[in-house]
Amino acid sequence: MNLFQFLAQNSAQVAQLTLEHLWMVGISTLLAALIGIPLGILIAHRPLLNRPVLGAANIIQTIPSLALFGFLLPVPWLGDRAERLAILALTLYALLPVIRGTYSGIRGVDRAVVESARGMGMTDSQLLWQVELPLAMSVILSGVRVAVVISVGLATIAAAIGAGGLGELIFRGLAMVNNQLILAGAIPAALLAVVADFSLGWVEKRLRPQ
Amino acid sequence: MSSTQLLPRLDMLAGMHGESKDGPAIEFRDVSYDLPSGQRVLSDLNLQVQRGETLVFLGRSGSGKTTTLKLVNRLLTPTKGEVRVDGAAAAQGDVIRLRRGIGYVIQEIGLLPHFTVERNIGLVPEIEGWPPEKIRARTQELMQMVGLESQLAARYPHQLSGGQRQRVGVARALAADPVILLMDEPFGALDPLTRDDLQREFLSLQQRLHKTVVFVTHDLNEALRLASRIALMEAGKLITVLSPPEFLRSTDPLAAAYVRAFHSGLDPTANRGSS
């Protein structure tokens, strides 16, 4: 029961790191949603932009995370604080699932529904807010959910550049060859991912149109 | 209702100011439409739809009848020629206003799945900014008019039968009292008995409302039953325009072929043994 003893003794520190972790994931997901959802809507309506936008998001996704953190280190304002860097990198990774989810959500809305709404005289913005977004919401949210789960895992690596979060316990444990320490970081991180996945999945189901 | 009574209402509701209210409700002048790929789906259509008539476009799938319908409410824009609605070129003026003055019913119905029956019917009044009490009153009136029980108001489209859904579609199209009604195979997906009911109710509604209706179907029986005039389409061309009795007597080879197919469908012995 050493792990539990460790967690109990260091509960304040684990809680602090969990909060840091949540903060990084939360802010980066929010940013990714603010950028990715409008982009997804745009490419759903402008098919010509579809390939370049999804292509770019795809390329970002292929950059190894450690390398991306490293690349961003020398950037002036960003490099000043490791946390900023981590948030930017996590945002970039979260873009692809968010954009893709939004794109397929909007494209997946029944053509007959869109066409008849247009034929009734809905303006483009009425169509977007009253028809497309409500009907696409569950698919958009499933993209966000994937982004969150990826981010929770990736954020542990942010500790490598000193951004804090639960990764710090893992890296410390690796350096000290201390399994307890590694688990003290890994288990809360895994729990975060499971809880986020489950709760967003629940919301997604509630939003799904019949 | 006489046409003189109807005219001031037409003007007010449609919000479109034509050159003359005595002219045709819809006019196609040398209208052609090409797909983005360049393929011509409608060639040189010239046709006038008179006020208060039910003009039925009859033709097989791919004959250009749905395209023609969508040119009226500008879901499509003609490649060549012009479509005039109420005397004004549809290509000018506000497309949103134009569409709100035209009821639109399609085979797939296209009800908003996340709206109740009531909100679906009140959609155009709602986006037109009617006060809520007026929308509610209008919705109830319409539900009664198309034969929907009032307790269905709070249901969602997926909780209705096909026939009920199509009634909601018709009620929705009539909600803001449009002058023109476009109906694209509205009863095509229904079982024969429900279709028969709805056709009968359509006729009695039309007798009271005198809308200008443009109706698309591939079913001669439906065309004969509902039409003031039948516009026969084939491969993107208008072949002929005939009243139902004229259609049955027509010597036009295509019209005659439709009539033959129609009769042999009625006579179970017609095709036995011959092929």
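Chains as they are written, first to last, in the numbering used here: chain A, 23 to 232; chain B, 447 to 721. Idealized CB from N, CA, C, for every residue including glycine.
Residue from the options whose Cα sits closest to the Cα of residue i
{"i": "R503/B", "options": "D698/B, A707/B, I685/B and V705/B", "result": "Looking at the sequence provided, one finds Phe at residue 503/B rather than Arg. That would be I685/B, whose Cα lies nearest to the Cα of F503/B."}
{"i": "S489/B", "options": "V477/B, L627/B and S483/B", "result": "V477/B"}
{"i": "L521/B", "options": "A534/B, G533/B, I542/B and G505/B", "result": "I542/B"}
{"i": "K657/B", "options": "D468/B, R497/B, P470/B and D532/B", "result": "R497/B"}
{"i": "L557/B", "options": "G130/A, A139/A and R129/A", "result": "A139/A"}
{"i": "A599/B", "options": "V495/B, G575/B and F561/B", "result": "F561/B"}
{"i": "H67/A", "options": "S147/A, P96/A, L39/A and V36/A", "result": "S147/A"}
{"i": "V120/A", "options": "V153/A, A54/A and L25/A", "result": "A54/A"}
{"i": "A208/A", "options": "R230/A, S87/A, K227/A and V174/A", "result": "V174/A"}
{"i": "L157/A", "options": "G143/A, D102/A, V136/A and F26/A", "result": "V136/A"}
{"i": "I573/B", "options": "G143/A, V153/A, E154/A and Q35/A", "result": "G143/A"}
{"i": "I172/A", "options": "M46/A, L29/A and A30/A", "result": "M46/A"}
{"i": "V495/B", "options": "A673/B, Q653/B and V705/B", "result": "A673/B"}
{"i": "Y479/B", "options": "A703/B, V529/B, D468/B and D642/B", "result": "V529/B"}
{"i": "P482/B", "options": "G615/B, L700/B and T525/B", "result": "T525/B"}
C-beta contact flag for residue i and residue j at 9 angstroms
{"i": "A669/B", "j": "G508/B", "result": "no"}
{"i": "A197/A", "j": "G189/A", "result": "no"}
{"i": "L544/B", "j": "N519/B", "result": "yes"}
{"i": "L117/A", "j": "A177/A", "result": "no"}
{"i": "G127/A", "j": "G165/A", "result": "yes"}
{"i": "V570/B", "j": "R546/B", "result": "yes"}
{"i": "R722/B", "j": "E554/B", "result": "For chain B, the structure presents residues 447 to 721; residue 722/B sits outside this window and is missing."}
{"i": "F91/A", "j": "A108/A", "result": "yes"}
{"i": "G549/B", "j": "L620/B", "result": "yes"}
{"i": "L214/A", "j": "T51/A", "result": "no"}
{"i": "P559/B", "j": "P603/B", "result": "yes"}
{"i": "A212/A", "j": "I552/B", "result": "no"}
{"i": "D630/B", "j": "L515/B", "result": "yes"}
{"i": "D532/B", "j": "V625/B", "result": "yes"}
{"i": "A241/A", "j": "E42/A", "result": "It is not possible to answer for residue 241/A, since the shown part of chain A is limited to 23 through 232."}
{"i": "T523/B", "j": "V662/B", "result": "no"}
{"i": "L678/B", "j": "D665/B", "result": "no"}
{"i": "Q610/B", "j": "L594/B", "result": "yes"}
{"i": "L76/A", "j": "G123/A", "result": "no"}
{"i": "R671/B", "j": "L649/B", "result": "yes"}
{"i": "L636/B", "j": "M591/B", "result": "no"}
{"i": "G101/A", "j": "R167/A", "result": "no"}
Backbone secondary structure at residue i - three-state DSSP
{"i": "T523/B", "result": "coil"}
{"i": "Q494/B", "result": "strand"}
{"i": "M198/A", "result": "coil"}
{"i": "T697/B", "result": "coil"}
{"i": "R545/B", "result": "helix"}
{"i": "V97/A", "result": "coil"}
{"i": "L481/B", "result": "coil"}
{"i": "E499/B", "result": "coil"}
{"i": "R706/B", "result": "helix"}
{"i": "F561/B", "result": "coil"}
{"i": "A50/A", "result": "According to the sequence shown, residue 50/A is Ser rather than Ala. Here S50/A sits in helix by DSSP."}
{"i": "I676/B", "result": "strand"}
{"i": "L476/B", "result": "First, the amino acid is wrong: residue 476/B is Asp here, not Leu. Of the three classes helix, strand and coil, the one that applies to D476/B here is strand, per DSSP."}
{"i": "E226/A", "result": "helix"}
{"i": "R506/B", "result": "coil"}
{"i": "A215/A", "result": "helix"}
{"i": "S689/B", "result": "coil"}
{"i": "A681/B", "result": "coil"}
{"i": "E105/A", "result": "helix"}
{"i": "A534/B", "result": "strand"}
{"i": "I552/B", "result": "strand"}
{"i": "L188/A", "result": "coil"}
{"i": "R486/B", "result": "strand"}
{"i": "T450/B", "result": "Caution applies to T450/B, whose pLDDT of 44 falls short of 50 and renders its modelled position unreliable; the value that the coordinates give is listed next. Three-state DSSP puts T450/B in a helix."}
Heavy atom of the ligand HEM within 8 angstroms of residue i beta-carbon
{"i": "E564/B", "result": "Summarising the ligand content, the structure contains no ligands, and the ligand HEM is consequently not present."}
*asked:* Taking beta-carbon pairs under 7 angstroms, can you tell me which members of the segment 86-118 of chain A lie near chain B?
replied: Under the 7 angstroms Cβ criterion, the segment 86-118 of chain A contributes no residue.
*Which ranges does the alpha helix (DSSP H) cover as unbroken runs of at least 4 residues, wholly within the segment 568-634 of chain B, from first to last along the chain?*
569-573, 578-591 and 608-620
*asked:* For the segment 541-559 of chain B, list every residue whose C-beta sits within 9 angstroms of some C-beta in chain A, in sequence order.
replied: V541, I542, R543, L544, R545, R546, G547, I548, G549, Y550, V551, I552, Q553, E554, I555, G556, L557, L558 and P559
*Using a Cβ-Cβ cut-off of less than 7 angstroms, list which residues of the segment 569-582 of chain B approach chain A; keep chain order.*
Those residues of the segment 569-582 of chain B that come within reach of chain A (Cβ to Cβ, closer than 7 angstroms) are L569, V570 and I573.
*Closer than 7 angstroms, Cβ to any Cβ of chain A: which residues of the segment 508-541 of chain B, in chain order?*
N519 and L521
*Residues of the segment 129-148 of chain A whose Cβ lies closer than 9 angstroms to any Cβ of chain B, in chain order*: D132, R133, A134, V135, V136, E137, S138, A139, R140, G141, M142, G143, M144, T145 and Q148
*Which parts of the segment 112-181 of chain A are runs of the alpha helix (DSSP H), unbroken and 4 residues or longer, counting only runs that do not cross its ends?*
133-141 and 155-177, all fully within the segment 112-181 of chain A.
_Members of the segment 157-169 of chain A near chain B, C-beta cut-off 7 angstroms_ = Those residues of the segment 157-169 of chain A that come within reach of chain B (Cβ to Cβ, closer than 7 angstroms) are L157.
*Within the segment 634-669 of chain B, note down every full beta strand (DSSP E) run reaching 3 residues or more, in order along the chain.*
Note on the segment 634-669 of chain B: whole beta strand (DSSP E) runs with a minimum of 3 residues are 658-663, in chain order.
*Compile a chain-ordered list of the residues in the segment 66-77 of chain A whose CB is closer than 8 angstroms to at least one CB of chain B.*
none
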